[in-house]
Every structure is written in C-alpha cells, then in structure tokens.
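Participant: Mind looking over this structure? Questions follow.
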Amino acid sequence: MKLFPSRYNYQCKINSRYSILNNFLTGALDIIENNIAEKLLGNDFNPEEKNSDPLSSLIERGYLYENPAAEKSLFNELFENFKIKLKDRPIKFVFCPSYICNLKCSYCFEKGLSKKREKFMTPELLKTGFNTIKEFPKKYGKKISSVELFGGEPLLKRTKDMVFEILDFSSKEGIKVSIITNGVMVKEFIEILNDFKNTIEMLQVTLDGPEFIHDARRKFYSGKGSFKNISEGISLLLKNGINANVRVNIDMENIDFLPDLYSLIEEMKWLESPHFKIQPSKVTDHSTTEYKYPVVRDHILMEKLIEIYNDHPQIEDVFKLYMFKPVRHILDIVNGAENVSPRYYNCESNLIELYMLCPDGYIYTCPESIGIENTAIGKYFPQLELFGKRTKMWTERNILVMQKCRECRFAPICGGGCPYASMLIYRDNLQPVCEDFQPVLDTFIRHRGEKILQKFSL
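Just so we're aligned: 409 in the working numbering is position 409 of the sequence shown, and the numbers increase by one with no gaps anywhere.
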C-alpha cells in the first residue's frame, strides 16, 4: 500500500535540525526534524509503519493520506460545512454619503469618483437607505452586524447632517457604526462623535509616516499637507474615549520612516491609550499584475520590513506582519488559534457581505468598485432590488470552480485572489489573481523560523 502526501503541504527548513510543516487545508502546523521532512518530501515512508509515530501523527494531522480521494473528500466536506455556516453569517451595510474627497492622495484607487454626476446622497436617498436596512432582514433573512461610513470622504462639511442622521438611526436600531475617514475633519465632527460614542465602534484614520513623509503623500487639493489635522484628530478621539484605528499605507517610499513614525506615536503617548490601534497595510494596485515602483512584490517588501524590525525590535511588537496574507494563518496558530479554516473565497465582498449604498442609488459590494455601475449588485432607490446575475458573478467565484486554483496548494489560504482585480485585468471573474505566496512564506520562515521554534519550546 502506498501513502500520498497532501497536495496542500508546505515545508521549509528552519535550521540544521528542524523544519516547519504546515497543511493549508487542515490548518495543521508542526515542527518536525529535518530527516522526517525529507522523508515526507520524497514520500519515503514504509506504509506498514502507519500505526506508529511519526507516520501515524502525519496521517492524523492531514499531511499524508492512504489515497488521493480521501483528501478530495475532506476538501469537499469542509466546503459543505463552510456553506452551512455561511447562511448564518451577518452582513454589513455601508453608507457612502459622498463620492467627493477633500484630499488628493498619490496612490488613491478612487481618482475618478469625484467626476461622478451624483456626488452626494440626497435626503431622499438617505431615507430610502434607512428603509433598506429595515427591510433587508425580513426580505432576505440576513442579520445585520454593523453599519459603516465610507466614501469618497464621509466626514465633510456638507455631509455633517447626514452623518448625524446615520448615527442617530443606527443608535435607535441598536447597530454599531465604524467610520473610514482620512481624519482631517475630526475636530469639526467631535461633538457629534462624542454624542454617539456608545454607538461608534471605531474610526479608521490614515497616517503614513512622520510629517514630511505623510504630507508628501496625503495632501489637500491646495497642496497643503494633512498631517497636522490628522494627528490632532487622533489625539482628540483618544482624549474622548473613542477608538482610533490608525492605518499606515506602506510602500517603498515610506517604509524606511516607520521608526520615525513609531517615535512619534510614543511621543504622542497614543500607545498608552486602550482606544488606540495601528494597522500597517500594503499599497496595492488591483488594475494590473505588474509592479511599478514604489509598489513592489510582497517578499521584497517583507524583507525590507523585517530588516527594519531587526534594527528596531520594539516596532514589530506594534506593527507586526499581518499585512502579508500568506503568513496570517501561521501567525494566528503560533499565537494560540486552535485552527484556521480554509479560504474558499477571497474576501467579504466575494461573499456579498458588504452592501454599499452610494449616491447614485446603486448597491456595490467591493469598496474599490463603487461608482462603476456595471459592477453594482443591485439598487436601493427608488426601491430595493438585487441583480441576480451580477450577484452570482461574486458568490459563484471560489477555488473549486477555477481550474488553476484546484491544482494549487496555496488555494486554501488564498481564496483565488481579488475578484475585482480579475474583472479589471482579465475581464473574466473566473480567472484567479495569483500572488507570490511561496517567496513570502520562505522569506518569513528564513527570518522568523527561530522565533516560531521558541513558541514551540524547541
């Protein structure tokens, strides 16, 4: 009898004695001796020893199967279980009060939005949006987890009354609200935000570095930098006990200045607040598979980031490496998660868990596609209607229906890549958008494998 290594095994040598072994389907993560790793790679096991270690453990953990059909059966079983759980997953409604933004950021993916004819929600659209939120659970049987404000920029002088109405409505309905904002008008909105602090989960605000770096990237249309407004806004939120999640958009132009940003955060004493979080994020371009500086391949960015972390260890404790999709599941397991379920889909938009109500009366599901009418999944004005064919373009895209994904060992941690990028690049939503998972994982283990060993007390 022959044994079959899992299609979804990943192994990488940590040092002269140990290797890391990870199965992307089952979520199993183990440290094994290199001689066992070499045997697994060469499938050099005696099947008669399957009831004794290490063979029995490798079989039990999903690294080896007695036949390939057994793994395929497990894959399908896990997918069916996922679909059952999917029915009970809540959805989020997103209000986009405006397609307008008061900043002109160098890497913005919404550059064409301000040219849209419908720049702001009307009172009639807003009222219809509230009715949609009330009607949706009854009509489609979905629970609503939260409401989000997005844009454009949601916090503008002209949207102030709308923001109040959205917060007031959500408060009365018992729905929590998050706000994605550039943060330049927090001071002008602080009274409203404070009045509804029990309804507001958090404000996400972007700060890309120390003042001279941030201001070169995130400017007002006048050319003036936005750093002063935003940093004062963050301090004001924390002072009032409102959660501030600071996003740092990282590329090769600002990555060297992360230590300076960390020093600023310490100087401002933001880390001392229980209401402060920071979230580094890669600058991406979903319209192409090419990389144009300052956007670089993930493993190059990771190499540079780890170099900075090695010189400034305290920064890694705060900024971490979760921005790199291929290593999130390893970090989760190492940090105590019992298991990590496979990703059959790429994102919440792929699952239609975002319903974005926009000034043109349409409903979108992907933040990057708002305002592009041929990507809308429905409309809420003058009445609620979902477009079945468009909805299926998102929901029927998963790693089982794409041939390349079915043959890829990274599929269960990838989900097939960004569906919107697939539409932009290939004009075909069933084409996977592949990322550099292998070099990212190898880079991570090469630099952080010894730390993982310490977690396993080896």
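Heads up, the beta-carbon is just placed ideally off N, CA and C, and yes, glycines get one too.
Keep in mind the model is a prediction, meaning the values are calculated, not measured.
Please return the same chain residues whose Cβ sits closer than 8 Å to the Cβ of residue 374, not counting the five positions on each side in sequence.
Facilitator: Around residue 374: no qualifying Cβ.
Participant: Take the Cβ of residue 84 as the centre, count every other Cβ of all protein chains shown within 10 Å, and call the residue buried at 16 or more, exposed below.
Facilitator: exposed
Participant: Distance, Cα to Cα, residue 97 vs residue 157?
Facilitator: 11 Å
Participant: So, is residue 187 buried or exposed, given that buried needs 16 or more other C-beta atoms within 10 angstroms?
Facilitator: exposed
Participant: Using the Cα positions of residue 182 and residue 154, report the straight-line distance between them to the nearest angstrom.
Facilitator: 9 Å
Participant: Note the first and the last residue of the continuous alpha helix (DSSP H) segment covering residue 395.
Facilitator: Counting along the chain, the alpha helix (DSSP H) containing residue 395 begins and ends at 388-395.
Participant: Quick one: using the 10 Å Cβ neighbour count with 16 as the cut-off for buried, is residue 401 buried or exposed?
Facilitator: exposed
Participant: Inspect the beta-carbon positions of residue 335 and residue 418 and report whether they are closer than 8 Å.
Facilitator: no
Participant: Could you give the distance in angstroms between the alpha-carbon of residue 454 and the alpha-carbon of residue 313?
Facilitator: 16 Å
Participant: Anyone know if the C-beta pair for residue 420 and residue 275 falls short of 8 Å?
Facilitator: no
Participant: Quick one: is residue 46 buried, meaning 16 or more other Cβ sit within 10 Å of its Cβ, or exposed?
Facilitator: exposed
Participant: Going by the beta-carbon positions, is the gap between residue 309 and residue 252 smaller than 8 Å?
Facilitator: no
Participant: Between the stretch 56-69 and the stretch 315-325, do three or more beta carbon pairs fall short of 8 Å?
Facilitator: Because the criterion of three Cβ pairs below 8 Å is not met, the stretch 56-69 and the stretch 315-325 do not touch.
Participant: Check whether the stretch 385-397 and the stretch 127-135 touch, using three or more Cβ-Cβ pairs below 8 Å as the test.
Facilitator: no
Participant: Taking a contact to mean a Cβ-Cβ separation below 8 Å, would you say residue 441 touches residue 10 in this structure?
Facilitator: yes
Participant: Using only the alpha-carbon positions, how far apart do residue 228 and residue 413 sit?
Facilitator: Roughly 39 Å separates the two Cα atoms.
Participant: Sort out for me which residues DSSP pairs residue 105 with in a bridge.
Facilitator: 218
Participant: Can you tell me the Cα-Cα spacing of residue 250 and residue 300, whole angstroms?
Facilitator: 12 Å
Participant: How many Å lie between residue 190 and residue 203 at the Cα?
Facilitator: 11 Å
Participant: How many angstroms separate the CA atom of residue 483 from the CA atom of residue 369?
Facilitator: Only positions 1 to 458 of the chain appear in this structure, which leaves residue 483 out of reach.
Participant: By alpha-carbon positions, which one of 303, 195, 152 ends up nearest to residue 170?
Facilitator: Ranking the options by Cα distance to residue 170, first place goes to 195.
Participant: Starting from the Cα of residue 99, find the closest Cα among 78, 82, 52, 149 and give me that residue.
Facilitator: 149
Participant: Beta-carbon separation of residue 415 and residue 343 under 8 Å?
Facilitator: yes
Participant: From residue 518 to residue 263, what does the alpha carbon distance come to, in whole angstroms?
Facilitator: Within the shown structure, residues of the chain are numbered from 1 to 458, placing residue 518 beyond reach of any answer.
Participant: Does residue 430 come out as helix, strand or coil in the three-state DSSP assignment?
Facilitator: coil
Participant: Given residue 452, which residues of its chain have a CB within under 8 Å of its CB, disregarding the five upstream and five downstream residues?
Facilitator: Contacts found: 14, 20, 31, 330, 334, 445.
Participant: Using the beta-carbon count (16 or more within 10 Å), is residue 128 buried or exposed?
Facilitator: buried
Participant: Along the chain, where does the beta strand (DSSP E) containing residue 244 start, and where does it finish?
Facilitator: 244-250
Participant: How about residue 377 and residue 364: are their beta carbons less than 8 Å apart?
Facilitator: yes
Participant: Just to confirm my understanding: we take residue 423, look at its own chain, exclude 5 residues before and 5 after, and list those with CB closer than 6 Å. What are they?
Facilitator: 429
Participant: List in chain order: all unbroken alpha helix (DSSP H) runs of 4+ residues lying wholly within the stretch 333-401.
Facilitator: 388-395
Participant: Go to residue 45, then tell me how far its beta strand (DSSP E) extends in each direction, as first and last residue.
Facilitator: Residue 45 -> no beta strand (DSSP E), and no H or E assigned at all.
Participant: With the cut-off set at 8 Å, would you say residue 193 and residue 248 are in Cβ contact?
Facilitator: Between residue 193 and residue 248, the CB-CB gap reaches or exceeds 8 Å.
Participant: Shortest alpha-carbon distance to residue 118 belongs to which of 411, 17, 245, 371?
Facilitator: 371
Participant: Could you check where the beta strand (DSSP E) with residue 18 kicks off and where it finishes?
Facilitator: Per DSSP, residue 18 belongs to the beta strand (DSSP E) from 18-23.
Participant: Distance check for residue 411 and residue 386, CA to CA, integer angstroms please.
Facilitator: 29 Å
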